[in-house]
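Worksheet: the structure to be examined is printed underneath.
Protein chains: 2
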Amino acid sequence: MENHRAHVVILGGGFAGLYAAKELGGKPVRVTLLDRRNHHLFQPLLYQVATAALNPADIAIPIRHVLRRERNVTVLMATATSIDVANRKVLLADGELEYDHLVLATGATHSYFGNDAWAAHAPGLKSIEDALEIRKRVLLAFEAAEREPDIVKRNAWMTFVVVGAGPTGVELAGAFAEIARRVLRDDFRRIDPRDARVFLVEAGPRVLSMLDPSLSTDAQAELVRMGVDVVTGGRVMAIDSEGVKVGENRIAARTVVWAAGVAASPLAKSLGVPLDRSGRVKVNDDLRAPGLPEVWVAGDLAAFEENGKVIAGLAPIAIQQGRHVARSILRVTEGTSPERFTYRDRGTMVTIGRAAAVADVRGVRFGGLAAWLAWLLIHIFFLVGFRNRLLVVGSWAYVYLRNARGSRLITGDVRSPLQRP
Amino acid sequence: MENHRAHVVILGGGFAGLYAAKELGGKPVRVTLLDRRNHHLFQPLLYQVATAALNPADIAIPIRHVLRRERNVTVLMATATSIDVANRKVLLADGELEYDHLVLATGATHSYFGNDAWAAHAPGLKSIEDALEIRKRVLLAFEAAEREPDIVKRNAWMTFVVVGAGPTGVELAGAFAEIARRVLRDDFRRIDPRDARVFLVEAGPRVLSMLDPSLSTDAQAELVRMGVDVVTGGRVMAIDSEGVKVGENRIAARTVVWAAGVAASPLAKSLGVPLDRSGRVKVNDDLRAPGLPEVWVAGDLAAFEENGKVIAGLAPIAIQQGRHVARSILRVTEGTSPERFTYRDRGTMVTIGRAAAVADVRGVRFGGLAAWLAWLLIHIFFLVGFRNRLLVVGSWAYVYLRNARGSRLITGDVRSPLQRP
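These protein sequences, in sequence, are chains A and B.
The opening residue of the first sequence carries number 1 in the numbering used here; numbering runs sequentially from there.
The opening residue of the second sequence carries number 1001 in the numbering used here; numbering runs sequentially from there.
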């Protein structure tokens, strides 16, 4: 008789998939975790790679290394192309894999709302490669400005636009302002980096719309103090290599970053179940796909409704869902029923810049240094298992105390800065 | 009257160019340093990025940041296409620049001895991108092996060939053996990474031919102890995606790294002066190009002869030449004559692996832990001005004490591992 009750296949090594695998480690099931990439990414700190404060390896770790002690878990690097729910198979680019239970945790990316041509001019921030591309563009823009004799063109190189004022957009805009005002201050001879302008453009009426309005006000005031031009109610009409059209106005800017919209992983379509507008699976209250008792969805791909509102898109939700799904699978293999999922909100916090953040912990709302220190502590705590929390803390200390962002490398395909299209 | 006696243009921000610029900082000359990249690279440690021990930012630093306090030095990111010696101009991809004195320090890269088709199968190690490409290939090879059911194909994925047993080749081979035997030991389920084979192929009769033969013997013994197959007198006849032909034998290997040959920067050709076989400038004894009193050559691009033998290719030589050239230019602008260059050899050391190295310090030759500690101290010392020597030391301590190489990320263009051509 086989030792293991069931074969659980987990697609995706983000927060949901990884925590599901950890929870199943050492349990009487056989687990295979698949990911296109070899590393788990600590996504909440990805903007720090894009802004040259941290190294890729500070926030990414090989998935198989995290799970090396879970002997019943096999990690494979592979690309899933679709799911054959009738035959309980995952189809891969180069093979297939049968499952008894499937945990679908392939997440979501940003959405250009149908304007895919904008992607070339306004990269989003989902992967290490995205972060390095943004870092390269920002640093190259200052290099180009230093070499550009024409003042109008130079100003366009020194103008940065972030679209979308969710947490990622706010964090990016704050960090760009810091780079211009503090980090690069002495590095140039012909330009003064402090002349750079940073725009944060948000279609909605306020920044950080998922937080209480009082915190939005605090965050916006902090951004303005740091030198960010905050444009709320600003609908992006067009983006090209020369700038952004916001409503009827045009901002001449050579560097635009996209931090808006949600587009679910296309794998969800192959389930044949109802999806929401962003393509996320409208899961049952136990996180199963409707009508598919062996398919579980966790993390950003799950449109889970609580009190009539979808909750998704935050790391703590994905972690809790991943664990819940793992425990439910164990219950099912033992012959009992899964329980419904409830999210325990332990608080939300968003950092804006050096010693500036806003936090909402179970209705207690605060900002400033206290929120920033809380943010710092919690993120250090959750970097458990990462390369080296001490090194990351060291890097941060260096960034914040010395105003030096150490990872200011321009790598990858580099033409002469003035030749960028 | 102008404050500055002359405009000095430095091409290249490697060791030679950077130390020339530092030496000219604050002196009565105007200096412009050009580089295609925004960063100076601490090349002696580049193999540690290729082997996942260090981050790119640990060994690379923005050139303009190093020189930020030298107010008479302007750093521009630009690509020089040729030199118009008659009109004392550097032609750029997007402009031109006049000089009174030119310091040509654009270095050299590896050479495939006319077999450029090998480059696709056997990348060399000169840039951050090269290092990340090698890191990706090595890590992907283990991922592919874990998924490959056929034992012959699997063995080819688990075979690694390094061509060329100079310092870089020796360091790479030693590090690959460590990765297989220690770092990845627990990470896989279907393969045992310790079954991997690492070949170091050298056409000459011994490894590290620039050192005393007794040290070559020590280094080879250490490599063998670490599990490296050392093949001396092995001429590479062919390289393709399936492996390497060495003499009459074929090694089936999916991962090959090239660490042989020298090809000088093609800019040297536009000087119209005699070059050696590798394309390096046969400089006068004061490091000037023959017949061009305002063109100075320093670093790997200079074929400087001492006692009838060309000395080149090591960081200390480049540093001393860069400084010498800077001092000579100041002498010339003051109306005196430059002096001839002499290299002060303070010792050569090559690391092989954890607690293993060989050193030759003014004829005193030693190996083992003592040489390794000496190597460590000297490299830490020379990382002055880098992001953060403490962080690098911390990373090393982590690598060596815990056998964990923290930067094991596969980034860049990634297809499914089994699909690599």
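Quick reminder that beta carbons are idealized off the backbone N, C-alpha and C, glycines included.
Give me the chain B residues within the contact set of residue i, using Cβ-Cβ distance strictly less than 9 Å, ordered along the chain.
i: residue 37(A); result: 1409, 1410, 1411, 1414
i: residue 146(A); result: 1064, 1074, 1075, 1076, 1077
Which bits of chain A does residue i rub up against, with CB to CB less than 8 Å?
i: residue 1064(B); result: 187, 188
i: residue 1068(B); result: 186, 187
Our contact map puts residue i next to residue j with C-beta atoms below 8 Å; I'd like the distance itself, whole angstroms only.
i: residue 1159(B); j: residue 1267(B); result: About 38 Å separates the two Cβ atoms, so there is no contact after all.
i: residue 375(A); j: residue 355(A); result: No, residue 375(A) and residue 355(A) are not in contact; Cβ-Cβ is about 10 Å, not under 8 Å.
i: residue 1072(B); j: residue 1031(B); result: 6 Å
i: residue 1017(B); j: residue 1322(B); result: 6 Å
i: residue 169(A); j: residue 200(A); result: 6 Å
i: residue 1156(B); j: residue 1253(B); result: 6 Å
i: residue 1318(B); j: residue 1015(B); result: 4 Å
i: residue 348(A); j: residue 211(A); result: 6 Å
i: residue 1187(B); j: residue 68(A); result: 5 Å
i: residue 122(A); j: residue 239(A); result: 5 Å
i: residue 1294(B); j: residue 1101(B); result: 5 Å
Would you check if the distance between the CB atom of residue i and the CB atom of residue j is smaller than 8 Å?
i: residue 330(A); j: residue 257(A); result: no
i: residue 409(A); j: residue 1128(B); result: yes
i: residue 316(A); j: residue 362(A); result: no
i: residue 1303(B); j: residue 1312(B); result: yes
i: residue 278(A); j: residue 111(A); result: yes
i: residue 301(A); j: residue 325(A); result: no
i: residue 1005(B); j: residue 1333(B); result: yes
i: residue 66(A); j: residue 80(A); result: no
i: residue 59(A); j: residue 42(A); result: yes
i: residue 422(A); j: residue 270(A); result: Residue 422(A) is absent from the model: chain A starts at 1 and stops at 421.
i: residue 1209(B); j: residue 57(A); result: no
i: residue 297(A); j: residue 283(A); result: yes
i: residue 1204(B); j: residue 1085(B); result: no
i: residue 1183(B); j: residue 1344(B); result: no
i: residue 78(A); j: residue 34(A); result: yes
i: residue 145(A); j: residue 70(A); result: no
i: residue 352(A); j: residue 222(A); result: yes
So does residue i have its beta carbon nearer than 7 Å to some heavy atom of the ligand FMN?
i: residue 212(A); result: In terms of ligand content, the structure shown is empty, and the ligand FMN therefore cannot be addressed.
Using a cut-off of 9 Å between C-beta atoms, extract the partners of residue i located in chain A.
i: residue 1055(B); result: 55, 56, 57, 58, 407
What's the call for residue i, buried or exposed, on a 16-neighbour Cβ count within 10 Å?
i: residue 1008(B); result: buried
i: residue 1342(B); result: exposed
i: residue 274(A); result: exposed
i: residue 1001(B); result: Interpretation of residue 1001(B) is limited by its pLDDT of 36, a score under 50 that renders its predicted location unreliable; the figure taken from the coordinates is listed afterwards. Answer is exposed; the Cβ neighbour count stays below 16.
i: residue 421(A); result: Since pLDDT at residue 421(A) reaches only 39, below the 50 mark, its modelled position is unreliable, and the value read off the structure follows with that caveat. By the 10 Å Cβ count, residue 421(A) comes out exposed.
i: residue 161(A); result: buried
i: residue 1307(B); result: exposed
i: residue 193(A); result: buried
i: residue 1098(B); result: exposed
i: residue 242(A); result: exposed
i: residue 1358(B); result: buried
i: residue 96(A); result: exposed
i: residue 1218(B); result: buried
i: residue 38(A); result: buried
i: residue 1377(B); result: exposed
i: residue 136(A); result: buried
i: residue 1010(B); result: buried
What in chain B is Cβ-close to residue i, meaning under 8 Å?
i: residue 128(A); result: 1409, 1411
Mind listing the chain B neighbours of residue i? Cutoff is C-beta to C-beta under 7 Å, in chain order.
i: residue 74(A); result: 1189
i: residue 143(A); result: 1038, 1077
i: residue 275(A); result: None at all; the shortest Cβ gap to chain B is about 26 Å.
i: residue 139(A); result: 1038
Residue i CB to nearest chain E CB: under 8 Å?
i: residue 1150(B); result: Going by chain labels, chain E is absent from the structure shown, which instead holds the protein chains A and B.
Sufficient close CB pairs (3 or more, under 8 Å) joining the segment 129–140 of chain A to the segment 229–239 of chain A: A contact is defined here as three or more CB-CB pairs under 8 Å, and the segment 129–140 of chain A fails this definition with respect to the segment 229–239 of chain A.
For the segment 1337–1345 of chain B against the segment 1309–1329 of chain B, are there 3 or more C-beta pairs whose distance is under 8 Å? yes
With three or more beta-carbon pairs closer than 8 Å as the criterion, would you say the segment 223–232 of chain A touches the segment 161–181 of chain A? Yes: the two stretches touch, three or more of their Cβ pairs being nearer than 8 Å.
Does the count of Cβ pairs from the segment 1038–1053 of chain B and the segment 1113–1129 of chain B closer than 8 Å reach three? yes
At least 3 beta-carbon pairs within less than 8 Å: the segment 218–230 of chain A vs the segment 172–184 of chain A: yes
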